[in-house]
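Participant: Be aware that the sequence shown starts at 1178, since it is given in this note's numbering, and climbs by one per residue. Cβ coordinates follow ideal geometry from the N, Cα and C atoms, glycine included.
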Amino acid sequence: ILPAWPNRGMSQASVYQPRRRPASRSLRVRGLDQHCLVWGDPAAATTERPLLLMTHGWMDIGASFQFVVDAVAALEGEVRCIVAPDWRGFGRSEWPPDGYWFPDYYGDLDALLDRFSPDAPVTLIGHSMGGNIATLYAGIRPERVRRAVCIEGFGLAPRFRAAVQAGQRIGDRQAEARA
């Protein structure tokens, strides 16, 4: 257990201070309250600078991308809209009463894109489990994704292949519903 701050030899100046502050939003997504951090205005996304949606890994939260958001802002200014949700059951998002099923994440991501970028493809950046979700989603719904970046996402174990096939069926059903 860490002692309470301020610690001996540690000043407030040594604690990381975000350069770009997010807005905290709670959205109703597929029957659950889902928390998202939003840096910038989603309506300001352009073809040159599409919305960037970052998906976290298992036992993580969207706020862990703050360092990346600040690095992007240092490179191109505070012009890009970035969204980082807390997946269902993580961070400030609601826990599903019936447990977790991998295809639910694809549906949640699709619903988030409907909300934040309904008419334009986005860039997805995912870490670990979020990388798996992002890249599989890019295969299920390629028209929604301009680019996908997977950080330490090694793929699903063979025992989860049924979940991947279920995700593909979800993509087919979503396409049929839109037609």
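1. My parser needs the alpha helix (DSSP H) runs of 4 or more residues fully inside the segment 1189-1228; what are they?
2. Enumerate, from N- to C-terminal direction, the unbroken beta strand (DSSP E) stretches of 3 or more residues contained entirely within the segment 1294-1327.
3. Is Pro1262 helix, strand or coil when you go by DSSP?
4. What residues are listed by DSSP as bridge partners for Leu1230?
5. Quick one: what does DSSP say Ala1288 is sitting in, helix, strand or coil?
6. Rounding to the nearest angstrom, what Cα-Cα distance links Asp1287 and Val1299 in this structure?
7. Please name the residue in Gly1348, Ser1270, Val1322, Ala1240 whose C-alpha comes closest to that of Leu1204.
8. Kindly indicate which residue of Asp1281, Glu1255, Met1236 has the alpha-carbon position closest to the one of Ala1221.
9. Between the C-alpha atoms of Ile1310 and Leu1230, what's the straight-line distance to the nearest angstrom?
10. May I have the straight-line CA-CA distance separating Ser1294 from Trp1278, to the nearest angstrom?
11. In terms of residue numbering, what span does the alpha helix (DSSP H) encompassing Glu1329 cover?
12. Label Tyr1193 either buried or exposed according to how many other C-beta atoms from any shown protein chain fall within 10 Å of its C-beta, with 16 as the threshold for buried.
Facilitator: With the given structure in hand:
1. Here no run is fully enclosed.
2. Within the segment 1294-1327, the complete beta strand (DSSP E) runs of at least 3 residues are 1299-1304.
3. Here Pro1262 sits in strand by DSSP.
4. Note: Leu1230 sits in a beta bridge opposite Val1260, Leu1301.
5. In the structure shown, Ala1288 sits in a helix (DSSP, three-state: H, G or I).
6. Asp1287 and Val1299: Cα-Cα distance of roughly 11 Å.
7. Considering only alpha carbons, the answer is Ser1270.
8. Nearest option by C-alpha distance: Glu1255.
9. Between the C-alpha atoms of Ile1310 and Leu1230 there is a straight-line separation of about 12 Å.
10. So the alpha carbons of these two residues sit roughly 25 Å apart.
11. No alpha helix (DSSP H) holds Glu1329; DSSP gives it neither H nor E.
12. By the 10 Å Cβ count, Tyr1193 comes out exposed.
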